[in-house]
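Only one structure is covered here, and it is reproduced in the block below.
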């Protein structure tokens, strides 16, 4: 299933400072009341990429692949700039079921959100009740079930994308993970 949405405009200065423009892109109303363990997200992204990639992890769990060998500061800046590119433009999301039962949400740049199945199950009443608030104003996503009609897979994808929006609005890199292979 491919879910497609549209957004625009965050500002990244040449110095790497990130700020919201006067015409900030629309964002979902839903800010999940629960978070996912960063250690588990780090472990899963490492697994999905065979421990062969460096990546930055933001406060709400969004992971951004970076070039190998960058300093922590340069990797953080690159991650924030990549996230700004997603947030500024048409951020198609592509959710995928993973071999471990989790869901991976990818975007049109190398950034990802993992939705841990056990965490989603533990918070399913909130996901069920709030997933439509995971859409932005006037957003239409097409699924096999129709416009803005979501099965459990789509509801989890919207959850993952909400975490990306939260990280894009207030980007804070909390960890840089280095490849081990």
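In my numbering, the protein residues as written are 11 to 191.
Glycine residues also receive a C-beta, built at the ideal position from the N, C-alpha and C atoms.
Proximal residues to residue i (C-beta, below 7 Å), its chain only, five neighbours per side dropped
i	result
residue 69	177, 182 and 184
residue 62	189 and 191
residue 78	64 and 189
residue 155	161
residue 108	58 and 114
Cβ-based neighbour list, residue i, same chain, cut-off 8 Å, excluding 5 preceding and 5 following
i	result
residue 143	38, 39 and 40
residue 32	Only weak support exists for where residue 32 lies, its pLDDT of 46 falling under 50; the value from the coordinates is given anyway. Once the five neighbours on either side are set aside, residue 32 has no close Cβ partner at all.
residue 147	36
residue 141	40, 160, 164, 165, 168 and 169
Check whether residue i and residue j have beta carbons under 8 Å apart
i	j	result
residue 166	residue 114	no
residue 186	residue 60	no
residue 72	residue 64	no
residue 96	residue 133	no
residue 67	residue 53	no
residue 98	residue 174	no
residue 94	residue 74	no
Buried versus exposed, by CB contacts within 10 Å (16 or more), residue i
i	result
residue 35	buried
residue 92	buried
residue 56	buried
residue 42	buried
Nonlocal neighbours in the same chain, by C-beta distance under 6 Å from residue i, ignoring five residues either side
i	result
residue 169	125 and 137
residue 129	46
residue 106	114
residue 116	104 and 122
residue 12	Its pLDDT being 37, under 50, residue 12 is placed unreliably by the model, and the measurement read from it follows with that caveat. If we look at residue 12 and ignore the five residues flanking it on each side, its Cβ neighbours are 104.
residue 85	66, 76 and 186
residue 44	133
_4-residue-minimum alpha helix (DSSP H) runs that sit fully inside the stretch 25 to 88, ordered along the chain_ = 48 to 58
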